[in-house]
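Here the structure is laid out as structure tokens; the discussion comes afterwards.
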């Protein structure tokens with residue numbers, strides 16, 4: 222038996238943020254990131270709508286990019302002191318992911334982080350609060366997913382938490398929030414969304430319910446991402462919806478090793494964090510080559526849905542070329558070496574990273590099984606730009 226879970230309600234379109242004035246409750250904590258939502262006036266709008274709803278609201282601010290275990294625990298403590306019946310998070314994937322994890326420790330103070338690392342092991346939520354997610358970026362789709370990515374900076378490892386309990390109750394997908402994204406963030410989040418849709422379509426867990434969502438998202442992303450990158454507001458709106466479709470697909474079909482690799486390399490090197498979407502964009506063509514041994518026909522389906530013609534082998538080749546062309550257009554490096562990772566450090570760490578990536582929660586649904594030795598070879602190809610021929 223399989224499961225398909227989405228938020229109970231989605232409100233979308235320009236001005237959808239106004240739905241906040243219609244929710245019922247007494248107290249809310251609004252979880253925010255670094256300040257862009259305040260600068261562009263969206264926090265004041267949200268607070269105004271919540272005041273209309275008669276809801277007392279406190280802010281938990283400054284969630285960092287790639288939120289940490291420490292931030293999650295600090296936020297949960299803040300919530301336990303205030304006792305909200307709504308947890309609302311607005312911004313990019315980081316504050317929403319952090320708020321999802323805070324939710325668990327707010328309702329279950331004695332739970333430990335180690336206890337929820339195992340996928341689909343969360344305790345039952347909604348004993349104290351419900352959850353609203355309002356994305357400002359067009360990539361993670363965390364507003365509709367059962368996932369949260371939290372970083373343990375003591376080890377440099379990102380943990381993808383997974384449980385249908387943390388699928389938000391309400392998603393508010395208002396494209397006006399996404400109009401504020403700078404070009405580089407638009408590119409990285411857009412390629413993240415493309416990776417979500419492609420990995421969902423080839424996942425071992427794909428289904429007749431997820432396939433149409435993934436394919437439609439892929440078509441929309443290939444069509445609208447270049448203009449969205451240039452700042453076109455209509456394209457930004459369509460990308461905001463496309464990434465949400467991709468999220469609905471992968472939340473139920475799960476992902477693959479592109480994400481496993483991104484999770485385990487994002488905070489691993491001394492040059493600093495590799496943005497998640499950037500890492501996915503670098504790895505995706507290499508992973509397609511690796512997985513095509515088992516999923517060639519599925520990748521060919523994707524290619525044909527994007528207007529690519531030819532036999533299955535030609536479709537896979539052209540699909541990889543198309544993704545590389547998009548990366549070049551968006552100034553995304555072709556390799557980890559080009560990104561700036563030092564060769565000696567890469568060689569010293571790649572074996573351990575490979576082991577962690579194989580153990581990542583996303584690896585289990587990848588269409589081709591992978592060993593640590595194969596993962597090390599694959600990562601090495603992504604470092605030097607070598608052809609994946611194994």
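In my numbering, the protein residues as written are 222 to 611. Glycine included, each C-beta is placed from N, C-alpha and C at the ideal position.
Per DSSP, cross-strand counterpart(s) of residue 280: 251
Backbone secondary structure at residue 312 - three-state DSSP: strand
First through last residue of the beta strand (DSSP E) which encompasses residue 274: Taken as a continuous stretch (DSSP letters only), residue 274 belongs to no beta strand (DSSP E), as it is neither H nor E.
Helix, strand or coil at residue 372 according to DSSP, with G and I counted as helix: strand
Residue 482, enclosing alpha helix (DSSP H) - first and last residue: For residue 482, the uninterrupted alpha helix (DSSP H) run begins and ends at 478-486, by DSSP.
Touch test, the stretch 462-470 against the stretch 488-496, Cβ-Cβ under 8 Å, three pairs minimum: Contact fails: fewer than three Cβ-Cβ distances are below 8 Å.
Short Cβ contact (8 Å threshold) for residue 387 with residue 346: Contact flag set, yes.
Cβ contact check for the stretch 396-415 and the stretch 369-388: 3 or more pairs under 8 Å: Three or more beta-carbon pairs separated by less than 8 Å are not found between the stretch 396-415 and the stretch 369-388, which leaves the two stretches without contact.
Local conformation of residue 392 per DSSP, three classes: Collapsing the DSSP output to three states places residue 392 in a strand.
Of the residues 373, 281, 561 and 598, the one placed nearest residue 575, counting alpha carbons only: 598
Beta-carbon proximity check, residue 609 vs residue 507, cutoff 8 Å: yes
For residue 378, the three-state DSSP class (helix, strand or coil): Residue state, collapsed to three classes: strand.
Residues of its chain near residue 308, where Cβ-Cβ distance is below 8 Å and the 5 sequence neighbours each way are ignored: 249, 250, 252, 300, 320, 323, 324, 327, 350, 351, 352 and 353
Between the CA atoms of residue 404 and residue 451 - distance to the nearest angstrom: 7 Å
Inter-residue spacing [alpha-carbon to alpha-carbon] between residue 475 and residue 581: C-alpha separation (whole angstroms): 12 Å.
Three-way DSSP call (helix, strand, coil) for residue 547 in this model: Three-state DSSP puts residue 547 in a helix.
Identified DSSP bridge partners for residue 337: In the DSSP output, where bridge partners are listed per residue, residue 337 has none listed.
Bounding residues of the alpha helix (DSSP H) (the contiguous stretch that carries residue 504): 497-526 is the span of the alpha helix (DSSP H), which, as asked, contains residue 504.
Distance, residue 480 Cα to residue 343 Cα: Answer to the nearest angstrom: the Cα atoms are 21 Å apart.
Endpoints, the beta strand (DSSP E) within which residue 231 is located: 230-233
Residue 354 - containing beta strand (DSSP E), residue span: DSSP places residue 354 inside the beta strand (DSSP E), whose first and last residues are 351-356.
For residue 383, the residue or residues it bridges with in DSSP: 368
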